[in-house]
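Q:
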Amino acid sequence: MSIRYFQKGSGYITFKRLDLMEKMNDIVAKHYPGMLPAK
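Following this line, the structure appears as structure tokens:
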């Protein structure tokens, strides 16, 4: 996993393991419905 953070407050998280990416997507979807496109 790598994290890039920018001065304006945005950032990127890059996962090398697909299972971790899916878990993070589930967490984001739970807290922010509508932020991720449908599977």
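In this text, residue positions in the sequence shown follow the UniProt record's numbering: the first is 1, and each later residue adds one. All residues carry an ideal CB built from backbone N, CA and C; glycine is no exception. Fair warning: this is a prediction, and the values are worked out from it, not measured in the lab.
Identify, in the order they occur along the chain, each residue of the same chain with its Cβ nearer than 6 Å to the Cβ of I13, setting aside the five sequence neighbours on each side.
A: To locate residue 13, count along the sequence shown from 1; it is residue 13. These residues qualify, in order along the chain: I3.
Q: In whole angstroms, what separates the C-alpha of M1 from that of G34?
A: To locate residue 1, count along the sequence shown from 1; it is residue 1. To locate residue 34, count along the sequence shown from 1; it is residue 34. Looking at the two C-alpha atoms, the distance is approximately 24 Å.
Q: In angstroms, rounded to a whole number, what distance separates the CA positions of A29 and K8?
A: What you label residue 29 is simply residue 29 of the sequence shown in a count that begins at 1. What you label residue 8 is simply residue 8 of the sequence shown in a count that begins at 1. Spanning the two alpha carbons is a distance of roughly 23 Å.
Q: To test your reading of the DSSP string, which unbroken alpha helix (DSSP H) runs of 4 or more residues are found completely within the UniProt domain "DUF4942" (2 to 33)?
A: Segments of the alpha helix (DSSP H) lying fully in the UniProt domain "DUF4942" (2 to 33): 18 to 31.
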